[in-house]
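Have a look at the structure below before the remarks.
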Amino acid sequence: MFRLIAADLVRYRWGALAVALLIALATALGVVVTLEERALRLGSARAAAAFDLVVGAPGSETQLVLSTVFLQPAPLTLLPGRVLAELSADPRVAYAAPVGFGDFSDGRPVVGTTQQLLDGLGGVSEGHRFTRLGEAVIGAAVPRALGDTFHPMHGPAEAHGGVHTAITYRIVGRLAPTGTVWDRAILVPIEAVWRIHALDDHADEHSGPDQVTRADSAGEPGSGAAGAPTGAQPRTIADAYRLSQEREATGFDAPIRPEAVADPAAPGVPAIVVKPRTIADAYKLRQAYRTDHTLAVFPGEVLTRLYGTLGDARQILAFVALNAQALVAAAVLLVVLIHVMARRRQIGALRAFGAPRAVVFATVWLEAVLVVGVGLVAGFGLGYGVARVLARLISVQTGVVLPVGFSAEDGSAFLVLFAASGLAALLPAALAYRQSPAAALRA
Amino acid sequence: MPGLDIRDLVVGFPGLERPALDIPELVIPSGAHVALTGPSGSGKTTFINIVTGLERAPTGRVAWGGTDIAGLGEGARDRWRAADVGLVMQEFHLFPGLSALENVLLPQRLATFRLPPSLRAEANRLLARVGIGRPGQKVETLSRGQMQRVAVARALVARPGIIVADEPTASLDADAGAAVAELLAALAREVGATLLVATHDDRLIAGMERLLRLESGRLMPVASAAPSMPVPAAADPAA
Ligand SMILES: Nc1ncnc2c1ncn2[C@@H]1O[C@H](COP(=O)(O)OP(=O)(O)OP(=O)(O)O)[C@@H](O)[C@H]1O
Ligand SMILES: [Mg+2]
Numbered sequence: 060m061f062r063l064i065a066a067d068l069v070r071y072r073w074g075a076l077a078v079a080l081l082i083a084l085a086t087a088l089g090v091v092v093t094l095e096e097r098a099l100r101l102g103s104a105r106a107a108a109a110f111d112l113v114v115g116a117p118g119s120e121t122q123l124v125l126s127t128v129f130l131q132p133a134p135l136t137l138l139p140g141r142v143l144a145e146l147s148a149d150p151r152v153a154y155a156a157p158v159g160f161g162d163f164s165d166g167r168p169v170v171g172t173t174q175q176l177l178d179g180l181g182g183v184s185e186g187h188r189f190t191r192l193g194e195a196v197i198g199a200a201v202p203r204a205l206g207d208t209f210h211p212m213h214g215p216a217e218a219h220g221g222v223h224t225a226i227t228y229r230i231v232g233r234l235a236p237t238g239t240v241w242d243r244a245i246l247v248p249i250e251a252v253w254r255i256h257a258l259d260d261h262a263d264e265h266s267g268p269d270q271v272t273r274a275d276s277a278g279e280p281g282s283g284a285a286g287a288p289t290g291a292q293p294r295t296i297a298d299a300y301r302l303s304q305e306r307e308a309t310g311f312d313a314p315i316r317p318e319a320v321a322d323p324a325a326p327g328v329p330a331i332v333v334k335p336r337t338i339a340d341a342y343k344l345r346q347a348y349r350t351d352h353t354l355a356v357f358p359g360e361v362l363t364r365l366y367g368t369l370g371d372a373r374q375i376l377a378f379v380a381l382n383a384q385a386l387v388a389a390a391v392l393l394v395v396l397i398h399v400m401a402r403r404r405q406i407g408a409l410r411a412f413g414a415p416r417a418v419v420f421a422t423v424w425l426e427a428v429l430v431v432g433v434g435l436v437a438g439f440g441l442g443y444g445v446a447r448v449l450a451r452l453i454s455v456q457t458g459v460v461l462p463v464g465f466s467a468e469d470g471s472a473f474l475v476l477f478a479a480s481g482l483a484a485l486l487p488a489a490l491a492y493r494q495s496p497a498a499a500l501r502a
Numbered sequence: 057m058p059g060l061d062i063r064d065l066v067v068g069f070p071g072l073e074r075p076a077l078d079i080p081e082l083v084i085p086s087g088a089h090v091a092l093t094g095p096s097g098s099g100k101t102t103f104i105n106i107v108t109g110l111e112r113a114p115t116g117r118v119a120w121g122g123t124d125i126a127g128l129g130e131g132a133r134d135r136w137r138a139a140d141v142g143l144v145m146q147e148f149h150l151f152p153g154l155s156a157l158e159n160v161l162l163p164q165r166l167a168t169f170r171l172p173p174s175l176r177a178e179a180n181r182l183l184a185r186v187g188i189g190r191p192g193q194k195v196e197t198l199s200r201g202q203m204q205r206v207a208v209a210r211a212l213v214a215r216p217g218i219i220v221a222d223e224p225t226a227s228l229d230a231d232a233g234a235a236v237a238e239l240l241a242a243l244a245r246e247v248g249a250t251l252l253v254a255t256h257d258d259r260l261i262a263g264m265e266r267l268l269r270l271e272s273g274r275l276m277p278v279a280s281a282a283p284s285m286p287v288p289a290a291a292d293p294a295a
């Protein structure tokens, strides 16, 4: 029987190959849609993992999340410095880290933040965290070596925002891989970012709307800017910098001061990543910071909502894939049926010469299932490969890492498909079974 | 070596006003070599199909050595045919892609779970006997005469008691046809099988002991050219 199937398949190898290929392509189409959608979901859930709660200025929740979690450049309104100070002092908060973006180096975002976010993202795997203003920590996927130096650009390279020549950052550490866009980012002390921008502002009074700049906290009613408690110290970093402007770059040798972020008069930031102590705290904090002046969101929730809308597109894709598969299945069934019809003489002859009916049935069934099964397996392999390549392309372009992988779900989908093809193969097998040998020999 | 006993066999087809086959009585003794002739459309193939169980007899009795195959179901007829009948058709019905030896063994291989080793030896012996020098040769590369000889070997490999052939020489040239005709008669005699051949081929008819003539589905009396009883091997035309 197996010898017979093998001989038959060899004889009709091109036809069998075409059928298997057709099935493989149709299967791959569905597999790619499924895998890519899942990868997008997992990838963004992973990206949002380090960001329990994000606080920003009122505006679009989606934009706040995209800018913070995916570092998508967008002009966000700044939060006044006192919000960061307040959050840092809040007992419900494990840590509150500013995220100051707007600068770039070689197209890579340079993000001002604090040591706490370095740890929150998974810590450094090489070198050490930044401890001085002029030090930087690079993401795992940044192709630079420790010890390298760079000048940040204001705005992405193509925007020609100008080079901040006043500062040279030196890379002192590398983050452990996170599988997110942050792997491509360069992290620097927020104080350094504040300083550069204060310096630039001072250099050419008002060059235009700035992404990271001094928040007009002084203008806020009741911010008590004049009554800053820090006696002998300069009132703000910016002021301090302005005073010591002559010292220029040497100032960036200074160690970072973690308490700078707790200063209510500190310059503003576009977003603050908050790590609440408990889940209950998280909800309370979100409640407390949903005000007229601030916006607090759970990135996970916002992304889920976003996928709700994307889900429609996915459903259309899945629908298209499903229809393509149904068409291919119907076409393949037809081809197999025609093939069996065309060979009914041979099939009838087998029985006339003594082959049992059940064996003829089993032979036709097995051969059909074999070809379809090969197509299915190849389709899953092909789909996986294409999904991987697509994910790689997307990751190179956007930095969002898409974890492509099969799950138990796919295993059952495979089994269902396989069972369905087994059932469909009963049709040609039954046709062969019912073939009268006398009629076959006469034909 | 069963003989054939037919009673009241009438086979009609829808759309035919007269029955395609109408045989009130026919007895073929065990081991006889019988030729079946008649003009085209006279019912020869229909007769062959009925007596080999490929089609079921709608009425009457078709008994081979006591087994009335008219009373058997399709599966039972298949099993009976596989065990007792060796078939040779005008077309060879060999399976391309398989060797001559594999083709001879194919029905047995499909019918039995494990092929008895003796069967393989018998297949090789038969192939040698019908003059196929290379049993491993792919069957589609054989000449037509060789193909029919492979088909003869296939019909005989399970040592059936009945050998039935429908126009076995009709698609061969004269020499190849003569070779197949001789082989059929000689091999049937070697195993002592009852041989029934539907044919127009005079050479094939001449080698048979008895002649049946069908006309419009009825058996006609023949001016008996051959004795109606089995004769000794001296009648072998190959001699
Ligand atoms: N399935 C069928 N349906 C209708 N008529 C049939 C069927 N099978 C055979 N016949 C008719 O029965 C008659 C006998 O046909 P059969 O094939 O037995 O003739 P034959 O003697 O073998 O002829 P030939 O020498 O040409 O092979 C013919 O008239 C044929 O048309
Ligand atoms: Mg005929």
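For the protein sequence lines, the chains are A and B, in the order given. At the far end of the first sequence sits residue 502, using the working numbering, and the numbering has no gaps. At the far end of the second sequence sits residue 295, using the working numbering, and the numbering has no gaps. Quick reminder that beta carbons are idealized off the backbone N, C-alpha and C, glycines included. From a predicted model like this one, the values you see are computed outputs, not experimental measurements.
Does the beta carbon of residue i fall short of 8 Å from some heavy atom of ligand 1?
| i | result |
| --- | --- |
| B/Pro95 | yes |
| B/Thr101 | yes |
| A/Pro496 | no |
| B/Ala235 | no |
| B/Ser98 | yes |
| B/Leu72 | yes |
| B/Ala76 | yes |
| B/Arg259 | no |
Does the separation of the CB atoms of residue i and residue j fall below 9 Å?
| i | j | result |
| --- | --- | --- |
| A/Val332 | A/Thr121 | no |
| A/Val169 | A/Asp178 | no |
| A/Ile255 | A/Ile230 | no |
| B/Arg200 | B/Phe148 | yes |
| A/Ala491 | A/Ile406 | yes |
| B/Glu178 | B/Arg205 | no |
| A/Thr236 | A/Gly181 | In the sequence under discussion, the amino acid at residue 236 of chain A is Pro, which differs from the Thr named in the question. Yes, they are a contact pair. |
| B/Gln146 | B/Asp231 | no |
| A/Thr239 | A/Ala148 | no |
Alpha carbon to alpha carbon, how far is residue i from residue j?
| i | j | result |
| --- | --- | --- |
| A/Thr136 | A/Pro329 | 6 Å |
| B/Leu212 | B/Ile219 | 8 Å |
| A/Glu305 | A/Leu123 | With a pLDDT of 41 at A/Glu305, under the threshold of 50, the modelled position of that residue is not reliable, and the figure given next carries that caveat. Using only the alpha carbons, I get a separation of about 37 Å. |
| A/Val428 | A/Ala77 | 15 Å |
| A/Val113 | A/Pro314 | 27 Å |
| B/Met77 | B/Arg112 | The sequence given here places Leu at residue 77 of chain B; Met does not occur at that position. Distance between the alpha carbons of B/Leu77 and B/Arg112 is about 13 Å. |
| A/Ala66 | B/Glu196 | 12 Å |
| B/Met264 | B/Glu238 | 10 Å |
| A/Ala85 | A/Phe473 | 13 Å |
| A/Tyr348 | A/Arg336 | 16 Å |
| A/Gly89 | A/Leu449 | 14 Å |
Might you give, ordered along the chain, the residues of its own chain that have their beta carbon closer than 6 Å to the beta carbon of residue i, omitting 5 neighbours on each side?
| i | result |
| --- | --- |
| B/Gly217 | Met57, Pro58, Asp140, Ala249 |
| B/Ala207 | Val144, Phe148 |
In three-state DSSP terms, what is residue i?
| i | result |
| --- | --- |
| B/Leu72 | coil |
| A/Pro157 | strand |
| B/Pro173 | helix |
| B/Glu223 | coil |
| B/Glu271 | strand |
| A/Val394 | helix |
| A/Ser454 | helix |
| A/Ser495 | coil |
| B/Leu82 | strand |
| A/Glu307 | Its pLDDT being 48, under 50, A/Glu307 is placed unreliably by the model, and the measurement read from it follows with that caveat. DSSP places A/Glu307 in helix when its eight states are reduced to three. |
| A/Met400 | helix |
| B/His89 | strand |
| B/Ser199 | coil |
| A/Pro335 | strand |
| A/Glu194 | strand |
If you measure from the CB of residue i, is any heavy atom of ligand 2 nearer than 8 Å?
| i | result |
| --- | --- |
| B/Asp222 | yes |
| B/Ala254 | yes |
Spatial neighbours of residue i within its chain, please: CB distance less than 7 Å, with the 5 preceding and 5 following residues excluded, ordered by chain position.
| i | result |
| --- | --- |
| A/Ala244 | Leu130, Arg167, Pro168, Val170, Gly198 |
| A/Ala479 | none |
| A/Lys343 | Arg151 |
So does residue i have its beta carbon nearer than 8 Å to some heavy atom of ligand 4?
| i | result |
| --- | --- |
| B/Gly273 | Ligand 4 is not part of the structure shown, which contains ligand 1 and ligand 2 as its ligands. |
Enumerate in chain order the residues of its own chain whose CB-to-CB distance from residue i is below 8 Å, with the five nearest sequence positions on each side excluded.
| i | result |
| --- | --- |
| A/Phe420 | Ala488, Ala489, Ala491, Tyr492 |
| A/Met60 | Val418, Ala421, Thr422, Leu425 |
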